[in-house]
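Engineer:
2 protein chains.
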Amino acid sequence: MYKFEFISADIQEKILQGFYPVGRLLPSENDLAKHYGVSRETIRKAQKRLEDTGFIQKQQGKGAIVLDFARFSFPISGLTSYKELQESKQFQTATRVLMNKQIPAPDFLVGEDGVEAGEPFIYLIRSREMAGETVIIDHDYLRVSVIPDGVPDAIAEVSIYQYFEQELNLQISFANKEIVAKLADDIDQKEMSIGPDEYIIQVNSHVYLEDATFFQYTSSHHRIDKFRFEEFARRTTH
Amino acid sequence: MYKFEFISADIQEKILQGFYPVGRLLPSENDLAKHYGVSRETIRKAQKRLEDTGFIQKQQGKGAIVLDFARFSFPISGLTSYKELQESKQFQTATRVLMNKQIPAPDFLVGEDGVEAGEPFIYLIRSREMAGETVIIDHDYLRVSVIPDGVPDAIAEVSIYQYFEQELNLQISFANKEIVAKLADDIDQKEMSIGPDEYIIQVNSHVYLEDATFFQYTSSHHRIDKFRFEEFARRTTH
DNA sequence: GGCGATTTGTACGTATGTATT
DNA sequence: GAATACATACGTACAAATCGC
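Residue numbers (the UniProt record's numbering), protein chains in the order written: chain A, 1 to 238; chain B, 1 to 238.
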């Protein structure tokens, strides 16, 4: 762990515990540099991350104001997975694997980062239950060239991301997400007990590894009355 | 304009024009530093912005790969306004002001960053038409203490953000956004010709200025079949 | 309003570590 | 193993914004 990462995590922890209260200023960069025994640049790097994630707002000549967004924000706004989400929210949840088989690349993925027609993918369908009701149906398409052994059902029921990152040592890095409303398909209707003329919310993501290779496409179908997405956003000017 | 801002904008432009093709590497940091006549740190600062916005992906020991996300992504994912959105998309659009009056602070805003009961707000309701159909209803609550003169109707029909930033010299900095589905209210039903049991998508935002003062609350009601949200997201580890 | 003191922002140069080819 | 390229870290200097006197 780098110094700036440790310092960033440390300050974040102190904000969450109220040691640095919301609405107040952090100590100055020079004071923090002295306190941690590092250079000012290292403090600035640590603070940059806190600024990006909504923990602080910096203002030239004044200081770093503590905000209170990150503590409420849904991790879904990042790339964080369902499993991490439910852990952080303490809901009663269950996952059922509805399908887990190898298929040729679906048409809408052919051409994406060199995906060829017929290239093998793992097609995984899972239902997510909260308090006894199915509220999400996940469709995952995973590139076999990256995970030759597929995904064991036992893993699919827990967290595929943890498996990829810790067991397979894959670095999941970024994604392009789209949120749209669609009419419920057959699986949605059956699993979530809704009609064919009712809408669900789809969150579609293209997921990439650290070296920018395409790895996974996911389509999450959310029951419309249970869907919520929250994010902290900064205005980009240039 | 700072050096790193100029360089960031310059490289971005060259990516968009295909001078740096998607999937290829940018020149090395040292080469770029020589080319622009700046230090390597300045190049890295410029590249950091391009990485945050989805233009490039950096990899240690290898280089900076050009991505193709930013060119497609909806500006709505930042704080960019409706007017900027329609300009960038070239749709046939129109805005109608349905309401523009001063009201006491609504209950759900009292307590937010020191908002007191009875504190005056401007309540603005606008309908957005595309190709002759109303597809969005915007409800804006603007803090009168920040904009004492309110918003002229002529401005409200174009872009309030441009007015705030250029005329009033306000620095809009960040927002907390929430996306949920709700049943259409009376105004939604009337303006978008939909029934009381149909859903709309609400994008609710708390908007803040550079000094972290709360400035505006907006609730955007989108016709469900016209709604789309897209964003580029990086995985945050710690 | 002006003038310092403080604080953050930018820029540079150097050194060292680490990943990739 | 060598060369290349990115990542971190430090120290310095100056610019720009804020605040209190």
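We put the CB at the ideal spot given by N, CA and C, even for glycine.
Report yes or no: is there a C-beta of chain A within less than 8 Å of the C-beta of Val173/B?
Structural biologist: As written in the sequence, residue 173/B is Ser, which differs from the Val given in the question. By this cut-off, Ser173/B is an interface position.
Engineer: Output the distance between the C-alpha atoms of Val144/B and Asp113/B, rounded to the nearest integer angstrom.
Structural biologist: 14 Å
Engineer: My output table needs one value for Phe174/A: the three-state DSSP class, helix, strand or coil.
Structural biologist: strand
Engineer: In the DSSP output, which residue or residues are listed as bridge partners for Pro120/B?
Structural biologist: Pro104/B
Engineer: Using the DSSP secondary-structure output, state which residues sit across from Met130/A in a beta bridge.
Structural biologist: Thr93/A and Glu133/A.
Engineer: Against chain A, with Cβ distances strictly below 8 Å, would Tyr163/B count as a contact?
Structural biologist: no
Engineer: Please report the Cβ distance between Val66/A and Pro21/A, rounded to the nearest whole angstrom; I am assuming they are in contact, meaning their Cβ atoms lie under 8 Å.
Structural biologist: 6 Å
Engineer: Taking only beta-carbon atoms, is Tyr199/B less than 8 Å away from chain A?
Structural biologist: Output row for Tyr199/B: interface = yes.
Engineer: Going by C-alpha to C-alpha distance, which of Gly111/A, Ala33/A, Leu124/A and Val158/A sits closest to Ile103/A?
Structural biologist: Leu124/A
Engineer: Nearest to Gly61/B by alpha carbon, out of Tyr36/B, Glu29/B and Gln47/B?
Structural biologist: Glu29/B
Engineer: State yes or no: is the beta carbon of Asn169/B nearer than 8 Å to at least one beta carbon in chain A?
Structural biologist: Taking Cβ atoms only, chain A never reaches closer than 8 Å to Asn169/B, which makes this a no.
Engineer: Counting only beta-carbon separations shorter than 8 Å, does Ile136/A have a partner in chain B?
Structural biologist: With 8 Å as the cut-off, Ile136/A does not count as an interface residue toward chain B.
Engineer: Can you list the residues of chain A that Val211/B reaches, using a CB-CB cut of under 7 Å?
Structural biologist: It should be pointed out that residue 211/B corresponds to Asp in this sequence rather than to Val. Within 7 Å Cβ-Cβ: Gln59.
Engineer: To the nearest angstrom, how far is the alpha carbon of Arg24/B from that of Lys45/A?
Structural biologist: 28 Å
Engineer: Quick check: the Cα distance between Gly54/B and Phe69/B, rounded to an integer number of angstroms?
Structural biologist: 6 Å
Engineer: With 8 Å as the C-beta to C-beta threshold (strictly closer), list the residues of the stretch 120-147 of chain B near chain A in chain order.
Structural biologist: Going along the stretch 120-147 of chain B in chain order, one finds no residue with a Cβ nearer than 8 Å to chain A.
Engineer: Mind pulling the chain B residues with CB within less than 8 Å of Ala181/A?
Structural biologist: Ala181, Tyr199, Ile201, Ile224, Asp225 and Phe227
Engineer: Could you tell me which residues DSSP puts in a beta bridge with Ser159/B?
Structural biologist: BP columns for Ser159/B are empty, so no partner.
Engineer: Does any CB atom of chain A fall closer than 8 Å to the CB of Phe4/B?
Structural biologist: no
Engineer: Kindly confirm or deny that the stretch 131-138 of chain B and the stretch 115-123 of chain B touch, where touching means at least three C-beta pairs closer than 8 Å.
Structural biologist: No, the stretch 131-138 of chain B is not in contact with the stretch 115-123 of chain B.
Engineer: Shorter than 8 Å from the beta carbon of Glu178/B to some beta carbon of chain A?
Structural biologist: yes
Engineer: Any idea which residues DSSP pairs Gln202/B with across the strands?
Structural biologist: Val180/B and His221/B
Engineer: Give me the DSSP bridge partner(s) of Val38/B.
Structural biologist: DSSP output for Val38/B lists no bridge partner at all.
Engineer: Which class does Leu79/A belong to by DSSP, given the choice of helix, strand or coil?
Structural biologist: In this prediction, Leu79/A has a pLDDT of 45, which is less than 50 and means its spatial position is unreliable; what the coordinates show is noted afterwards. Here Leu79/A sits in coil by DSSP.
Engineer: So, is Ala154/B buried or exposed, given that buried needs 16 or more other C-beta atoms within 10 angstroms?
Structural biologist: exposed
Engineer: Are there 16 or more other CB atoms within 10 angstroms of the CB of Val207/B, so buried, or fewer, so exposed?
Structural biologist: buried
Engineer: How is Ala233/A classed by DSSP in three states: helix, strand or coil?
Structural biologist: Looking at Ala233/A - three-state DSSP - the assignment turns out to be strand.
Engineer: Please state the DSSP three-state secondary structure of Gln17/B.
Structural biologist: coil
Engineer: Does the Cβ of Glu191/B have 16 or more other Cβ atoms within 10 Å, making it buried, or fewer, making it exposed?
Structural biologist: Label assigned to Glu191/B: buried.
Engineer: Output, in chain order, the set of chain B residues within a Cβ distance shorter than 9 Å of Ile65/A.
Structural biologist: Asp211 and Ala212
Engineer: Indicate the three-state DSSP secondary structure (helix, strand or coil) for Ile7/B in the structure shown.
Structural biologist: In the structure shown, Ile7/B sits in a helix (DSSP, three-state: H, G or I).
Engineer: Here's a check: name, in chain order, each residue in its chain whose Cβ is nearer than 8 Å to the Cβ of Ser39/B, leaving out the five neighbours to either side.
Structural biologist: Ala33
Engineer: Since Glu231/B meets chain A, which of its residues come closer than 7 Å, beta carbon to beta carbon?
Structural biologist: Within 7 Å Cβ-Cβ: Lys177.
Engineer: Is Ala181/B closer than 8 Å to Ile179/A when the C-beta atoms are compared?
Structural biologist: No, these two residues do not count as a Cβ contact at 8 Å.
Engineer: What residues of chain A sit near Phe69/B, judged by a beta carbon separation below 7 Å?
Structural biologist: Asn176
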